[in-house]
Amino acid sequence: MEFIRSRIMALAGDGPLERNARSPASEAVTVMFSADDWYHNHESKNLGDFVNILFAPVYKNEDSPDSLMHSLYLDEDCLDPVLNLLTRVAIYCSAAIKSDKSGDLNLAWTYATDAVSLMGEIKGGHGAYKAEIDAVSNQARKGASAAHAENRAMKRDAFKWLDENRSKYKSMDATAQAMTGEQPIAFRTARSWVGDWKKLRSAGTL
Numbered sequence: 013m014e015f016i017r018s019r020i021m022a023l024a025g026d027g028p029l030e031r032n033a034r035s036p037a038s039e040a041v042t043v044m045f046s047a048d049d050w051y052h053n054h055e056s057k058n059l060g061d062f063v064n065i066l067f068a069p070v071y072k073n074e075d076s077p078d079s080l081m082h083s084l085y086l087d088e089d090c091l092d093p094v095l096n097l098l099t100r101v102a103i104y105c106s107a108a109i110k111s112d113k114s115g116d117l118n119l120a121w122t123y124a125t126d127a128v129s130l131m132g133e134i135k136g137g138h139g140a141y142k143a144e145i146d147a148v149s150n151q152a153r154k155g156a157s158a159a160h161a162e163n164r165a166m167k168r169d170a171f172k173w174l175d176e177n178r179s180k181y182k183s184m185d186a187t188a189q190a191m192t193g194e195q196p197i198a199f200r201t202a203r204s205w206v207g208d209w210k211k212l213r214s215a216g217t218l
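Under this note's numbering, the first residue of the sequence shown carries the number 13, and numbering increases by one thereafter.
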């Protein structure tokens, strides 16, 4: 990872390059810095470093950009349109840098241009990309709210079960184990809920 980061920093130079000094690789690096900043500061994301998590695996992969794009469409982890689009940016940037390094500048410029264009769409939130991102974000919020409501309802049922059955078991672990047979929850969750129930009972709030 550090090797790749050092290569990127070397390509980036000390600041903005003169127009006649720019290359497909330097343009790709500029896009990557923009993607890295956007990746960290997206309002609903905290996914980590763009270079380490998205770019590095792509750069080290020997498959063609087209093959990587095809794999991306089949990857269930990239159903999130934001993550999907940023991974596409990483693929374009990697292809631009590799093509530039191999001397195929015409091909390299096509990838660099695609990276610049796609990153502009992501940052600007234009057209279909904005609609897609907003739709998924809204769906995610609804899903999270529904999941929290379901979890609260299950916990209420668990507390009711504890009121009626806690005295039947000698330990909190035994109680939690029995609870997993009554609720579709893991032992760790059941053990935590038994502890919460006990604290509330001790405080007189149940």
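No residue lacks a Cβ here, since even glycine has one placed at the ideal position from N, Cα and C.
In this text, all values refer to a predicted model and were calculated from it rather than measured experimentally.
Residue environment: residue 39 is assigned as buried (16 or more neighbouring CB atoms within 10 Å of its CB, all protein chains considered). Within the same chain, 70, 71 come within 6 Å of residue 106 by CB-CB distance, once the 5 residues on both sides are set aside.
DSSP places residue 70 in the uninterrupted alpha helix (DSSP H) bounded by 68 to 72.
Around the beta carbon of residue 185, fewer than 16 other beta carbons sit within 10 angstroms, so the residue counts as exposed. Between residue 101 and residue 47, the C-beta gap is smaller than 8 Å, which places the two residues in contact. Around residue 77, the same chain offers 103, 107 as residues with beta carbons nearer than 6 Å, after the five sequence neighbours per side are excluded. The continuous alpha helix (DSSP H) containing residue 43 extends over residues 36 to 53.
Contact check for residue 126 against residue 35 fails: the beta carbons are separated by 8 Å or more. With fewer than 16 other Cβ atoms inside 10 Å of its own Cβ, residue 33 counts as exposed. Around residue 178, the same chain offers 187 as residues with beta carbons nearer than 7 Å, after the five sequence neighbours per side are excluded. A straight-line Cα-Cα distance of about 4 Å links residue 109 and residue 37. In this structure, DSSP gives residue 195 a state outside helix and strand, which the three-state scheme calls coil. A check of alpha carbon separations from residue 210 across 174, 67, 68 identifies 174 as the nearest.
Its chain contains 75 as the residues whose beta carbon lies nearer than 8 Å to that of residue 83, once the 5 sequence neighbours on both sides are disregarded; these appear in chain order. Note on geometry: alpha-carbon atoms of residue 214 and residue 172 lie some 16 Å from one another. Burial of residue 68 is indicated by the presence of at least 16 other C-beta atoms within 10 angstroms of its C-beta.
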